[in-house]
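What follows is a short report on a single structure.
Numbering (my numbering), first residue to last: 5 to 195.
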């Protein structure tokens with residue numbers, strides 16, 4: 005089941021999501037990032053979109069994740085008007101139709117709660133939009149208890165923030181059972 009949550013309610017209930025806003029008065033971006041234990045960038049040993057989703061599912065299973073919450077950093081609709089009108093690739097169109105069918109459309113800017121049985125389908129379409137749409141770069145997802153934050157980069161690399169020691173220990177012990185390796189990005193923690 006996929007459930008939509010208004011942005012205002014999501015910001016009250018899920019306070020550990022990174023947020024970004026532009027302050028016109030100060031002429032600067034205002035960025036909020038929650039406190040975290042560790043910050044990783046991971047990637048697959050060999051790039052493969054299907055394997056990426058399967059390996060993410062393995063990690064979520066290791067964490068015993070029942071629900072995922074997805075929220076964009078910026079207060080903007082998930083699907084922009086140009087995105088909704090673009091019909092270039094069959095896989096892209098399929099992802100857009102999936103989002104539209106589930107109410108994640110032009111005016112929706114809130115959070116999306118996804119149950120475990122729908123992880124694979126949602127993540128597949130989510131990654132498709134991330135990969136093909138520059139507008140879609142700022143979405144993070146977390147478990148309902150907000151123990152971790154994941155963000156999928158269009159390249160297939162995954163940003164991981166562990167939000168407590170126990171989650172960090174679980175992540176470090178289980179990530180070795182997947183096809184993920186350290187991306188060795190500057191200023192990040194090592195696996």
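We put the beta carbon where it would ideally sit given N, CA and C, even for glycine.
CB-CB under 7 Å to residue i, same chain, minus the five flanking residues each way: which ones, in chain order?
i: residue 192; result: 43, 44, 45
i: residue 59; result: 48, 182, 183, 184
i: residue 107; result: 8
Write down the C-beta distance between residue i and residue j rounded to the nearest angstrom, noting that I regard them as a contact closer than 8 Å.
i: residue 16; j: residue 74; result: At roughly 17 Å, the Cβ-Cβ gap does not stay under 8 Å, so residue 16 and residue 74 are not in contact.
i: residue 127; j: residue 34; result: No, residue 127 and residue 34 are not in contact; Cβ-Cβ is about 29 Å, not under 8 Å.
i: residue 53; j: residue 131; result: 7 Å
i: residue 81; j: residue 112; result: 6 Å
DSSP three-state label for residue i, please.
i: residue 12; result: helix
i: residue 143; result: strand
i: residue 42; result: strand
i: residue 71; result: strand
i: residue 122; result: helix
i: residue 36; result: strand
i: residue 127; result: helix
i: residue 164; result: strand
By Cβ distance, which residues of its chain are closer than 6 Å to residue i, with the 5 residues on each side in sequence left out?
i: residue 109; result: 83
i: residue 21; result: 75, 144
i: residue 36; result: 23
i: residue 189; result: 45
i: residue 102; result: 129
For the candidate residues the options, whose alpha-carbon lies nearest to that of residue i?
i: residue 135; options: 148, 99, 113, 125; result: 99
i: residue 184; options: 70, 161, 71; result: 161
i: residue 79; options: 142, 158, 149; result: 142
i: residue 13; options: 70, 66, 114; result: 114
i: residue 77; options: 181, 166, 139; result: 139
i: residue 179; options: 72, 8, 195, 159; result: 195
i: residue 51; options: 164, 157, 176; result: 157
i: residue 149; options: 137, 170, 133, 86; result: 170
i: residue 163; options: 40, 5, 27; result: 40
i: residue 147; options: 70, 155, 27; result: 70
i: residue 119; options: 26, 61, 30; result: 61
i: residue 166; options: 154, 159, 177; result: 154
i: residue 173; options: 63, 105, 133; result: 63
i: residue 187; options: 168, 177, 159, 175; result: 159
i: residue 88; options: 133, 175, 55, 5; result: 133
Tell me which same chain residues have a C-beta within less than 8 Å of the C-beta of residue i, skipping the five on either side of it?
i: residue 168; result: 41, 151
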